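> Counting with full-length UniProt numbering, you get residues 1 to 229 for the letters of the sequence shown. Where is the CB? At the ideal position from N, CA and C, for every residue including glycine. For clarity, every value in this text was computed on a predicted model and none was experimentally measured.
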Amino acid sequence: MHVFYTPDIQTNAELPEEEAQHCVRVLRLTAGDEITLTDGKGNFYRAEISAATNKRCLVNIKETIHQEPLWQGHLHIAMAPTKNMDRNEWLAEKATEIGFDELTFLNCRFSERKVIKTERIEKILVSAIKQSLKARLPRLNEMTDFNSFIEKDFSGQKFIAHCYEGEKPLLKDVLKKGEDTLVLIGPEGDFSEEEVKKAIEKGFIPISLGKSRLRTETAALVACHTMNM
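Here is the structure:
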């Protein structure tokens, strides 16, 4: 099945240029061929190519197929990006395949990467929803200062995963099914003690992701999988 991302398909029956080139020049599809589209907003579309050139691909919509949410609640991961950009991209791809709703990159005290360009990650998210047949594109936010982020309103469960000593329940044991959920994941050097304290004061519950010491991107993926389960 060939799936193409067409966010404006309800008002414009044409594939975006990059998707059109892949459809026509790479896959060599032409007028009369049937393809599947997604708007990233919860819908798939069964469509037929009506006209195709090297840079343009027009379609006729044959059927709209609404995809019900595959998980309950709004799942939000907020993590400090790793120094190695490949690991951030890996996390974005794999978390999308599993399923979540929103990703925010945090600028923390011990962050080794203070700037992140989201254009490449946005493309990875799009590719991942097409590959995993999901009709909803996760929201990707620009990097946000940790202190500013924890001040924002969030009507749901809020957790912070850290490695400091102390009794912390496993995330799987305190999650409430169906509720919106936000999990904070720290940088390779962990959150600072002050950041953990501030988060707790703002209503975040300290949690553990297991007995192993996990890399940042692995911890984020474990949190994503746990929220889905």
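1) Rounding to the nearest angstrom, what Cα-Cα distance links Cys108 and Ser212 in this structure?
2) With a cut-off of 8 Å on the beta carbons, I'd call Phe146 and Leu182 a contact; round off their distance for me.
3) Give me the Cβ distance between Ala128 and Glu93, rounded to the nearest whole Å; I'm assuming they're in contact under 8 Å.
4) Would you tell me roughly how many angstroms separate the C-alpha atoms of Asn60 and Glu48, rounded to the nearest one?
5) Are the CB atoms of Thr226 and Leu171 nearer to each other than 8 Å?
6) Restricting to Cα atoms, I'd like to know which of Lys114, Pro7, Ile185 is closest to Ala199.
7) Kindly indicate the opening and closing residues of the alpha helix (DSSP H) around Met227.
8) Mind the definition here: the stretch 116-135 touches the stretch 161-171 only if three or more C-beta pairs lie below 8 Å; say whether that holds.
9) Nearest to Arg25 by CA position, among Arg87, Arg139, Lys55, is which residue?
10) Thinking just about the alpha-carbon of each residue, which of Ala13, Lys176, Thr11, Arg28 is nearest to the one in Ile205?
11) Near Ala219, what residues of its chain come up, given a Cβ to Cβ distance below 7 Å and the 5 sequence neighbours on each side ignored?
12) Starting from the N-terminal side, write out each stretch of the alpha helix (DSSP H) that is 4 residues or longer and does not extend beyond the stretch 110-144.
13) For the alpha helix (DSSP H) that Leu171 lies in, which residues bound it at each end?
14) Where does Leu27 sit, in a helix, a strand or coil, going by DSSP?
15) Going by other Cβ atoms of all chains shown within 10 Å of its Cβ, with 16 needed for buried, is Thr11 buried or exposed?
16) Quick one: Cα of Ala135 to Cα of Gly203, how far?
17) How far does the alpha helix (DSSP H) with Arg87 in it reach, from first residue to last?
18) Could you check where the beta strand (DSSP E) with Glu68 kicks off and where it finishes?
19) Taking the C-alpha atoms as reference points, what is the distance between Met1 and Pro187?
20) Check whether the Cβ atoms of Asn43 and His74 lie closer than 8 Å to each other.
21) If you draw a straight line from the C-alpha of residue 231 to the C-alpha of Ala78, how long is it?
22) Nearest by alpha-carbon distance to Glu112: which of Met85, Pro138, Glu122, Pro69 is it?
23) Between Ala51 and Leu29, is the Cβ-Cβ spacing less than 8 Å?
24) Quick check on DSSP: helix, strand or coil for Ile200?
25) Between the beta-carbon of Gly156 and the beta-carbon of Asp180, is there less than 8 Å?
In short, the structure shows the following:
1) 22 Å
2) Not really, about 13 Å apart at Cβ, beyond 8 Å.
3) 5 Å
4) 5 Å
5) yes
6) Ile185
7) 216-228
8) no
9) Lys55
10) Lys176
11) Ala161, Ile185, Leu209
12) 119-131
13) Unbroken alpha helix (DSSP H) run through Leu171: 171-174.
14) coil
15) exposed
16) Cα to Cα, the separation comes out at about 32 Å.
17) 85-98
18) No beta strand (DSSP E) holds Glu68; DSSP gives it neither H nor E.
19) 38 Å
20) no
21) Residue 231 lies beyond the range of the chain shown here (1 to 229); nothing can be said about it.
22) Met85
23) Judged by their CB atoms, Ala51 and Leu29 are not nearer to each other than the 8 Å cut-off.
24) helix
25) yes
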